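Same order as they appear, the protein sequences are chains L and R. 1 is the number of the first residue of the first sequence in this note's numbering; add one for each residue after it. 1001 is the number of the first residue of the second sequence in this note's numbering; add one for each residue after it. Every residue, glycine too, gets a C-beta built ideally from N, C-alpha and C. Here the structure is a predicted model, which is why all the values come from computation and not from measurement.
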Amino acid sequence: MAMTGRKREECNGRQAYWSRVRWTRFIIVLALVAALEIYGQSLADPAFLQPPSEVVRAWFFTVLPDTRIMSALGMSVFEIACAYALSVVFGVVIGLVISSTALSRQGFYPLILLLYAVPQVSLIPLFVLAFGLGPAAKIAFGFSHGIFPVIVSVITGMNDVPALYVRGARSMGASTFGIVRHVVFPNMVPSLFVGLRLAMTMTMLGVILAELYVSTAGIGYFTRVFAENYNPAPLFALIGSLAAIALIFNGCVRVAERQWSGMRSSVRAN
Amino acid sequence: MSRTAFSARLIQLGFIAVFGAAWYWSTATGSVSKLLLPEPGAVWLAFSRLVTTGQFWSAVKVTLTTIMQAYGIALVAGILAGYLISRSRFLIDVLEPIVAGFFTIPITLFFPMFILFFGIGIGSKIAYGATYAFFPIALNTIASFANVDMHFLRAARSMGASRWDTFQHVLIPSALPVLLSGMRIAFFICFASVLGGETLSAVAGVGRNIALAAELMESARMYAWIAFVVLTAITLNLLISGFEKHLSARRDVAWQ
């Protein structure tokens, strides 16, 4: 009984510690925003920096009512979703094919790593030339950024399946599909999700780079107009909206990850 | 070389050969627009013409100085911030999620702000590249110094090591591998973000020249620039990973 009491005390201590951590983090962020507000109100040149309160106002009065900006934002959400879905599907398939035999892995994995190392920004003009100024170029560019982390994580995940498990499953009469479904895939999930998280960041990077490069339409047009007119409040509001979109997409991946790992551990428990 | 290694090399060479043949074939038969994909000969010609011009070397110089300055700033700021944060468990728990969370949203978003603050000259690219490279360096510095084995530190202290001795002989060697890998990642991020910044908005530099060649519809020249960038990146990558392998091999020897 004394043990459980001490344990509870320890647990309470941990809880108190983490709530202190969270509060400090919250206060730091709040202090930063307040400092920015004071600086923006008093010292800053309004042509370059506006206080957060002005940015929020610009969001409600300039960004939100403008249907063209809202449709540009909606379009970039669509592009990110499409590019990410394509990266995941093609990345998993290509990764599985490459890691299916030792020979193809040794042959193609270095090639994939080599392609991964290419600074893809230098290819933007090519994508625009090939796919035009519309969403297709942005989706393609996001896809080309997002697919490599998925392929690499699938290959590394497949690579470290303990051979003993595979042999065990086979000797108990599992089919190849059964082995992939029940042995290889569950083992791959943690590594896969590291790749999926990175792929989300990369996909968004690709889409946003292409959006900013094409400055005649979409997000790139509005950021250019706001920046050229020294109108920072709506610019910051637009950038803030995109950052919020990015955070939401990241959150979705994390929720999916928790769901999957939860399922995995409950299967284990059974 | 074993049999599979040999076959793997064969696959790689075959892949590159197929790639080259497809390029040659599609341009020779005229099935792909010359604007989109010029023939290999034209790109080679444009490349050899490009490297002899002074314009090429001045663009390379601009980009190189931008990268070096951005990387230098990121290195100093990232290691300093990371080290200071790593000194306290509480600070790590408070600040590390903020730094890591910032790194998961594409910092490219804020590029228009850099242009607004620093203009379209070299300054905005330095600030942008430095900001991008700061995060992996800071995160890896935190991770490397926070995970030093407590036993080593206690042993060093109990044997009478001074603070500086501990820092020099325990902290640095055990943090170095993770620190170095952060520096490598940050370098390539810095490289790519400076190039990207130049492509988006600049007056000079390699990225600007790629965008300019595309705007002028000079595909062969654009491909020549892209080839230069890609080859440089791959060479640097091989050099740095080779250097890292060499270092870790030496460390393993010293360990025994």
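Residues that residue i contacts on chain R, provided the C-beta gap is smaller than 7 Å
| i | result |
| --- | --- |
| M204(L) | P1106 |
| P110(L) | Q1012 |
| A58(L) | By Cβ distance, chain R contributes nothing, its closest Cβ being about 14 Å from A58(L), past 7 Å. |
| P232(L) | L1116 |
| T24(L) | V1094 |
| P52(L) | Residues of chain R passing the Cβ test: none, with the nearest at roughly 14 Å. |
Rounded separation between residue i and residue j - CA only
| i | j | result |
| --- | --- | --- |
| N1209(R) | P232(L) | 29 Å |
| M1222(R) | G134(L) | 21 Å |
| R1089(R) | E9(L) | 20 Å |
| L1036(R) | S1048(R) | 20 Å |
| M1(L) | A1127(R) | Confidence is the limiting factor: at M1(L) the pLDDT is only 46, short of 50, which leaves the residue's position unreliable, though a coordinate-based value still follows. Straight-line Cα distance between these residues: approximately 59 Å. |
| L1013(R) | L111(L) | 10 Å |
| T223(L) | S87(L) | 27 Å |
| E54(L) | G142(L) | 32 Å |
| Y1071(R) | F177(L) | 48 Å |
| L238(L) | W59(L) | 7 Å |
| E228(L) | L198(L) | 33 Å |
| V1229(R) | L43(L) | 42 Å |
| T101(L) | L115(L) | 21 Å |
| R1184(R) | I1016(R) | 27 Å |
| T203(L) | W1164(R) | 44 Å |
| F1135(R) | T1027(R) | 43 Å |
| A246(L) | F78(L) | 12 Å |
| M1159(R) | R1087(R) | 22 Å |
| M1150(R) | R14(L) | 21 Å |
| A1008(R) | G1119(R) | 49 Å |
Integer Cβ distance of residue i from residue j, believed to fall under 8 Å
| i | j | result |
| --- | --- | --- |
| V128(L) | A117(L) | No, V128(L) and A117(L) are not in contact; Cβ-Cβ is about 23 Å, not under 8 Å. |
| K1034(R) | S1219(R) | 7 Å |
| I1098(R) | I1092(R) | Going by Cβ atoms, the distance from I1098(R) to I1092(R) rounds to 11 Å, so no, they are not a contact pair. |
| T1131(R) | I1105(R) | That belief does not hold up - the Cβ atoms of T1131(R) and I1105(R) are roughly 12 Å apart, past 8 Å. |
| L123(L) | I1226(R) | 6 Å |
| L205(L) | H145(L) | 6 Å |
| I208(L) | L1109(R) | 6 Å |
| G91(L) | V150(L) | 3 Å |
Reference residue i, options the options, closest by Cα
| i | options | result |
| --- | --- | --- |
| I1067(R) | R1250(R), L1238(R) and A1233(R) | A1233(R) |
| T62(L) | S144(L), W260(L) and S241(L) | S241(L) |
| F1152(R) | Q1055(R), F1167(R), A1070(R) and S1241(R) | F1167(R) |
| L96(L) | Y230(L), V253(L) and F185(L) | F185(L) |
| F236(L) | V1170(R), P1112(R), A1161(R) and V1194(R) | P1112(R) |
| R113(L) | V121(L), I98(L) and P125(L) | The sequence shown places Leu at residue 113(L), rather than the Arg named in the question. The candidate whose alpha carbon is nearest that of L113(L) is I98(L). |
| I1137(R) | F1114(R), F1187(R), I1120(R) and A1028(R) | F1187(R) |
| V225(L) | F1006(R), I1011(R), L1116(R) and G1041(R) | L1116(R) |
| L1050(R) | H1246(R), L1236(R), R1250(R) and V1206(R) | V1206(R) |
| I1079(R) | P1040(R), A1133(R), A1204(R) and A1211(R) | A1133(R) |
| G157(L) | Q120(L), Y109(L), G173(L) and P125(L) | Y109(L) |
Contact list for residue i against chain R, beta-carbon separation under 9 Å
| i | result |
| --- | --- |
| N250(L) | G1101, T1104 and I1105 |
| L247(L) | G1101, T1104 and I1105 |
Within chain L, partners of residue i - CB distance below 8 Å
| i | result |
| --- | --- |
| P1112(R) | L212, T223, R224, F226, A227, L235 and I239 |
| L1035(R) | L129 |
Contacts around residue i, its chain only, beta-carbon distance under 7 Å, and the 5 residues preceding and following it disregarded
| i | result |
| --- | --- |
| V166(L) | I179 and V183 |
| V1194(R) | T1063, T1066, I1067, A1070, K1125 and G1129 |
Own chain residues within Cβ distance below 8 Å of residue i, not counting five before or after
| i | result |
| --- | --- |
| S1248(R) | P1177 |
| A16(L) | none |
| L1139(R) | G1082, E1096, V1099, A1100, F1103 and G1182 |
| R57(L) | A233 |
| V152(L) | G95, I112, L113, Y116 and G195 |
Closer than 7 Å at the beta carbon, the chain L residues around residue i
| i | result |
| --- | --- |
| I1192(R) | Correcting the residue identity first, residue 1192(R) is Ala in this sequence and not Ile. Ordered by position in chain L, the residues that pass the 7 Å Cβ test against A1192(R) are P119 and V121. |
| N1237(R) | A117 |
| F1015(R) | L111 |
Close Cβ partners of residue i (< 6 Å) along its chain, the five nearest in sequence each way excluded
| i | result |
| --- | --- |
| I219(L) | A72, S76 and E211 |
| V214(L) | L133 and G220 |
| F131(L) | A137 and A140 |
| I1073(R) | A1130 |
Proximal chain L residues relative to residue i, where beta-carbon distance stays under 9 Å
| i | result |
| --- | --- |
| S1088(R) | Chain L residues near S1088(R): none, gap ~11 Å exceeds 9 Å. |
| S1007(R) | L103, Q106 and G107 |
Residue i: CB within 7 Å of a non-hydrogen atom of the ligand MN
| i | result |
| --- | --- |
| M70(L) | As far as ligands go, the structure on display features none, and thus does not contain the ligand MN. |
Neighbouring residues, chain R, relative to residue i (Cβ below 8 Å)
| i | result |
| --- | --- |
| L242(L) | L1109 |
| I208(L) | P1106, T1108 and L1109 |
| T156(L) | What T156(L) touches in chain R: nothing, since even the nearest Cβ is about 16 Å away. |
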